[in-house]
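Asker: Mind having a look at this structure? Questions to follow.
There are 2 protein chains.
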Amino acid sequence: MDLDDQRARLFELFNEIHIIQQLATTEFNRRLPEGLHVSHFAVINHLCRLGDGRTPLQLASAFQVTKPTMTHTLTQLGTRGFVDVRANPADGRSKLVYITAAGRAFRETAIASLNPTLDAMADDLDLPALLSLLPQLATLRRYLDTARDVGP
Amino acid sequence: MDLDDQRARLFELFNEIHIIQQLATTEFNRRLPEGLHVSHFAVINHLCRLGDGRTPLQLASAFQVTKPTMTHTLTQLGTRGFVDVRANPADGRSKLVYITAAGRAFRETAIASLNPTLDAMADDLDLPALLSLLPQLATLRRYLDTARDVGP
DNA sequence: ATCATATAGTTAGATATCAAATCAAATAAT
DNA sequence: ATTATTTGATTTGATATCTAACTATATGAT
């Protein structure tokens with residue numbers, strides 16, 4: 591495989607990933623209740639599964655989005671009453687994000703909306719083969735994350 | 591693996607893909623000349639490699655974006671003089687997209703900007719293992735594309 | 001102690017994307 | 001032929017995301 595070919599196939603890999611992300615995000619967004627985005631669900635889900643009382647920065651880091659993006663997402667979630675963002679007693683610059691009862695209820699609803707789609711995928715696709723991609727993808731993700739802040 | 595676990599891991603797969611797409615897109619966008627987005631490059635690249643004179647709809651379909659998105663991208667490219675969008679003599683509703691000399695020049699510049707990043711990845715990562723993901727990802731992409739227009 | 005630097009979060013502005021609705025042309029049906 | 005349906009593209013309006021710049025607090029250096 592020559593160099594140009596190598597580059598083209600790597601680019602193709604990212605193109606496939608881009609398309610999958612687009613289609614999956616669009617699909618999930620369609621299934622979720624009106625006005626709610628999969629990025630909202632992901633944050634709520636994270637707080638429920640791994641515990642709340644985390645800072646916005648920790649959340650931004652967990653999802654690899656920028657700080658303003660997380661500010662925006664948390665504002666949306668706060669407006670809907672799904673999270674409660676309080677001052678961090680240990681650090682005056684910082685805040686802590688707590689999930690509310692309404693937030694937990696939203697998670698249940700969202701899960702009920704998304705599970706049929708996930709289950710259909712599990713039925714229609716070779717799930718073990720798909721999930722076997724996870725380690726490779728995680729490696730790639732870590733690499734990109736690390737390579738991120740080395741310039742130029 | 592129980593059902594909930596299966597769902598959680600599938601969702602995790604999409605989360606990884608989402609993060610990779612975010613990081614890769616951001617990285618590529620940083621490398622590209624001012625004001626140009628990787629989605630612009632992808633269209634130009636496609637036209638150069640596989641031939642121009644395609645319709646906006648064909649392009650939208652190739653990248654799995656919606657028609658308005660492709661209209662927007664082509665408007666941007668047209669404004670910069672990278673493509674020429676003409677009426678389709680064979681169909682009054684349709685148009686044909688041609689690449690210009692400036693468009694080809696932009697592609698060369700863009701490739702020169704992106705190749706170092708791609709080459710660094712090829713050096714730092716296990717490229718054969720990465721590229722071996724392509725068939726599985728293509729299968730997943732085709733599945734999502736097909737499942738897209740079945741309701742509800 | 002004071003001042004410089006680093007860190008957490010927000011604000012401002014830009015843009016890529018989507019869904020829904022619209023318009024125009026082509027095709028199909030009666 | 002005329003009308004209805006389908007198809008290609010655009011317009012409109014909303015939103016998620018990014019970068020850059022800003023504010024406020026915390027930490028470190030002299």
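Protein chains in written order, with the numbering used here: chain A, 591 to 742; chain B, 591 to 742. Each residue gets a CB set at the ideal place from its N, CA and C atoms; glycine is no exception.
1. Give the DSSP-derived three-state secondary structure of N678 of chain B in the structure shown.
2. Locate the alpha helix (DSSP H) running through V633 of chain A, then write down its first and last residues.
3. Using the C-alpha atoms, what's the distance from L664 of chain A back to I609 of chain A?
4. Could you tell me which chain B residues have their CB closer than 8 angstroms to the CB of V655 of chain A, listed as they occur along the chain?
5. DSSP three-state call for R683 of chain B: helix, strand or coil?
6. What residues in its chain sit with their C-beta under 6 angstroms from that of A728 of chain A, if we drop five residues either side in the sequence?
7. Quick one: Cα of L626 of chain A to Cα of I634 of chain A, how far?
8. Measure how close the beta-carbons of Y583 of chain B and D714 of chain A come, nearest whole angstrom, since I'm counting them as under 8 angstroms.
9. Could you check which residue in A:T699, A:S629, A:I607 has the C-alpha nearest to that of L730 of chain A?
10. CB-CB under 7 angstroms to F601 of chain B, same chain, minus the five flanking residues each way: which ones, in chain order?
11. Taking C-beta pairs closer than 9 angstroms, name the residues in chain A that E698 of chain B reaches, listed in chain order.
12. To the nearest angstrom, how far is it from the Cα of H630 of chain A to the Cα of P718 of chain A?
13. Would Y688 of chain A count as contacting chain B if we go by Cβ distances under 7 angstroms?
14. Rounded to whole angstroms, what is the Cα-Cα separation between G741 of chain A and P706 of chain B?
15. Please report the straight-line C-alpha distance between R697 of chain A and R597 of chain A, rounded to a whole angstrom.
16. For H627 of chain B and chain A, any beta-carbon pair shorter than 7 angstroms?
17. Buried or exposed, going by whether 16 or more other CB atoms sit within 10 Å of the CB of H662 of chain A?
18. Are there 16 or more other CB atoms within 10 angstroms of the CB of L640 of chain A, so buried, or fewer, so exposed?
19. Under 8 angstroms between beta-carbons, which chain B residues line up against L727 of chain A? List them in chain order, please.
Answerer: The short version:
1. DSSP places N678 of chain B in coil when its eight states are reduced to three.
2. Per DSSP, V633 of chain A is one residue of the alpha helix (DSSP H) stretching across 628 to 640.
3. So the alpha carbons of these two residues sit roughly 27 angstroms apart.
4. Under the 8 angstroms cutoff, chain B gives Q612.
5. Here R683 of chain B sits in coil by DSSP.
6. Exclusion of the five residues before and after A728 of chain A leaves no residue of its chain whose Cβ lies closer than 6 angstroms to its Cβ.
7. The alpha-carbon atoms of L626 of chain A and I634 of chain A are separated by roughly 11 angstroms.
8. An answer regarding residue 583 of chain B cannot be provided, because it is not within the stretch 591 to 742 covered by chain B.
9. Measuring from the Cα of L730 of chain A, the nearest candidate turns out to be A:I607.
10. A distance below 7 angstroms between beta-carbons, with the five flanking residues on each side excluded, links F601 of chain B to no residue of its chain.
11. Simply none; closest approach about 13 angstroms.
12. The alpha-carbon of H630 of chain A is positioned some 28 angstroms away from that of P718 of chain A.
13. Closer than 7 angstroms to the CB of Y688 of chain A there is not a single CB belonging to chain B.
14. Residue placement at G741 of chain A cannot be trusted, given a pLDDT of 47 that sits under 50; the coordinates are not used to answer.
15. Straight-line Cα distance between these residues: approximately 41 angstroms.
16. No, H627 of chain B lies away from the interface with chain A (no Cβ there is under 7 angstroms from its Cβ).
17. Result: exposed.
18. A residue is called buried when at least 16 other Cβ atoms come within 10 angstroms of its Cβ; L640 of chain A does not meet this threshold and is exposed.
19. Here the neighbours are L603, E606, I607, I610, L723.
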